[in-house]
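To keep things clear, I will list the structure first and then write my remarks on it.
There are 2 protein chains.
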Amino acid sequence: MSMIGGKPVLYSYWRSSCSWRVRIAMNLKEIQYNIKPVSLIKAGGEQHSNEYREVNPMEQVPALHIDGITLVESLNIMNYLEETRPQRPLLPHDVVKRAKVREVCEVIASGIQPLQNLVVLIYVGEEKKNEWAQHWINRGFRAIERLLSVCAGKYCVGDEITLADCCLIPQVFNARRFHVDLRPFPIILRIDRELENHPAFRAAHPSNQPDCPPEAVK
Amino acid sequence: MSMIGGKPVLYSYWRSSCSWRVRIAMNLKEIQYNIKPVSLIKAGGEQHSNEYREVNPMEQVPALHIDGITLVESLNIMNYLEETRPQRPLLPHDVVKRAKVREVCEVIASGIQPLQNLVVLIYVGEEKKNEWAQHWINRGFRAIERLLSVCAGKYCVGDEITLADCCLIPQVFNARRFHVDLRPFPIILRIDRELENHPAFRAAHPSNQPDCPPEAVK
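One line per chain: the protein sequences are A and B, in this order. Note that numbering that gives the first Met the number 0 has the first sequence beginning at 0, numbered continuously upward. Note that numbering that gives the first Met the number 0 has the second sequence beginning at 0, numbered continuously upward.
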C-alpha cells in the first residue's frame, strides 16, 4: 500500500485516460515510480474493493502515493507534481498562458472525460454507449479546436509541452476508441501526431503498461 | 461584450453552480464586477447563440472578461484570480493542504457537477433525470465526506475559507434541488450551515442575482 523501494506508487489502469495523463507528467519530469495496476473490469472492478476505497474514496484511478501522502484526482496530482518538482515545468510562467493551459485541461477533465467514463457508460447501457460518448467528445473537441486556434503553437499552448498536452493525447485515444470522426479537428490531430512518438508519451501509452493484456498490444 | 465601466464582466446564470463558485471567489477577494446574465433556458438557451459561442466555445457559463482577456471554465477562472489577485488567498500556502483543496474541487468539478449539468439532464430525459442526478451526487458526496473527515476544520480544509468551499456550497444547493438525502453527510452539512450567512456567500446566492426570477426568491 505504501512506497516500494522508496519510489512513488501510481495506482493505474492501462487504458484509463486519467491515469495516462499522470503517467505522461511523471515521465516528462523524469520522476521514477512504480505502478500498482488496478483492474477496472476484473471481478466487477478492483477499484470498488474495500481496500482500494481507502486509497481513493471516489473508487477510480489514478491515485498517487508520494512524499508519505496519497493524492487523488489527476489534475490535482499533476498540480502537486508541478509545485513540488519544478524541473521540466508543465505550466508556463505567464499567467495568461497558464490560464489557456488550464482551460484545455478543464474542458477535457470536466467537460468530456467524466461523460464518457466507464462507470457512466455502464449506467447509460451497452446499446446507447457509443452514441452517448461520441456526442460529448464531439461537443468538447469543437470547443477545444476553437481554443487551440488562438493559443496553439507546436503544442496546445505555444511551443512547449504543458499539462494541456498531457490531457489532450489520452482524450484523442478515447475519441478513436469510440469511432469519433476526427477530421473536423485538424489542430488536435496535428498535435496528436506531433507527440505520438515522444518518448515520455510513448512510455505512458496504454500498450506499454504492465497490465495491458497481450492481445491489446499493437 | 467587453468591460463596462472598466470593471470585469462575469457572464453568469443565477442558478448555475459553476457561475456561483466564481461569484463567491470574486466576492471573497472583494473584486468589483458587473454581471451579464445569460439565460440557460430562454429560447432554447442563450448560451448556444452565435454571439455567446464567441465568448465561450463550450456554450456554457461562466465566462469572465477581465484584464483585456476572456477566460472560461470555473476552476481556471478562480486559479487566475488567485494568481493575479493575491489578496484574501483561497489556496493555502502549504503544498499538501493545497492538494487537499484541489481534491475537493476536482471531485465536484469533474466527478459530480458535469453529470448533473442541465445539458446532460436534457439528454438523459425528464423521466429519469432526478434518479440520475441523485446517483452521481450521492456517489461524489460519499467520497467528499471521507476526504473531509481527514482535512476539514471549521471549513473544508482547515479553518480558512478556500476554493473547496466555493465549490462545495453551490453543489449542496444542487443536491437539495434534486432531493438528495443529506443526512449521511454530517461534515458537508456542518460546513454548509457555517457558510450560509457569510456575506460573500449570501451575495453570490442564486436568489440574490439580478436575473433571478421574482417567484424564485426565498
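All C-beta atoms in this analysis are idealised placements derived from N, C-alpha and C, irrespective of residue type, glycine included. Keep in mind it's a predicted model, so treat the numbers as computed, not measured.
Counted within 10 angstroms of its Cβ, other Cβ atoms place residue i as buried (16 or more) or exposed
| i | result |
| --- | --- |
| A202(A) | exposed |
| D180(A) | exposed |
| D191(B) | buried |
| K99(B) | buried |
| H64(B) | buried |
| C150(A) | buried |
| I23(B) | buried |
| P212(B) | exposed |
| G67(B) | exposed |
| R14(B) | buried |
| Q59(A) | buried |
| S18(B) | buried |
| M0(B) | Note that M0(B) scores 42 on pLDDT, short of 50, meaning its location in the model is unreliable and no value can be drawn from it. |
| S16(A) | buried |
Cα-Cα separation between residue i and residue j, rounded to whole angstroms
| i | j | result |
| --- | --- | --- |
| M77(A) | V94(A) | 18 Å |
| P209(B) | V54(B) | 20 Å |
| V156(A) | A163(A) | 8 Å |
| I168(A) | A215(B) | 44 Å |
| K41(B) | R138(A) | 21 Å |
| H204(A) | W135(B) | 29 Å |
| H197(B) | I187(A) | 44 Å |
| S11(B) | L117(B) | 14 Å |
| E193(A) | Y154(A) | 8 Å |
| M2(A) | F140(B) | Its pLDDT being 47, under 50, M2(A) is placed unreliably by the model, and nothing is read from it. |
| A199(B) | S73(B) | 17 Å |
| Y51(A) | E45(A) | 7 Å |
| V106(B) | G152(A) | 31 Å |
Contact with chain A by residue i, beta-carbon distance below 8 Å
| i | result |
| --- | --- |
| A132(B) | no |
| A98(B) | yes |
| I68(B) | yes |
| R141(B) | yes |
| R101(B) | yes |
| R145(B) | yes |
8 Å Cβ cutoff, residue i in contact with chain B
| i | result |
| --- | --- |
| S109(A) | yes |
| M25(A) | no |
| T83(A) | yes |
| V60(A) | no |
| V106(A) | yes |
| L188(A) | no |
| V94(A) | yes |
| I3(A) | Because the pLDDT of I3(A) is 49, which lies under 50, any placement of that residue in the model is unreliable, and the number read from its coordinates should be weighed accordingly. For I3(A), the answer is no, since every Cβ of chain B falls outside 8 Å of its Cβ. |
| Y51(A) | no |
Beta-ladder partner(s) of residue i, from DSSP
| i | result |
| --- | --- |
| L63(B) | L9(B), L70(B) |
| N33(B) | V8(B) |
| G157(B) | A151(B) |
Residue i (DSSP reduced to helix, strand or coil)
| i | result |
| --- | --- |
| P113(A) | helix |
| G152(B) | coil |
| Q43(B) | Contrary to the premise, residue 43(B) reads as Gly rather than Gln in this sequence. Here G43(B) sits in helix by DSSP. |
| S1(B) | Confidence in S1(B) is poor, its pLDDT being 46 and thus under 50, which makes the residue's placement unreliable; the coordinate value appears in the next sentence. Coil. |
| G139(A) | helix |
| R176(B) | helix |
| D210(B) | coil |
| N134(B) | First, the amino acid is wrong: residue 134(B) is His here, not Asn. Of the three classes helix, strand and coil, the one that applies to H134(B) here is helix, per DSSP. |
| M57(A) | coil |
| V216(A) | coil |
Cβ-heavy atom distance, residue i to the ligand MG, below 7 Å
| i | result |
| --- | --- |
| K6(B) | In the structure on display, the ligand MG does not appear, and there are no ligands present to speak of. |
**Interfacial residues, the stretch 8-19 of chain B to chain E, with Cβ spacing under 7 Å** = Among the protein chains in the structure shown, which are A and B, there is no chain E.
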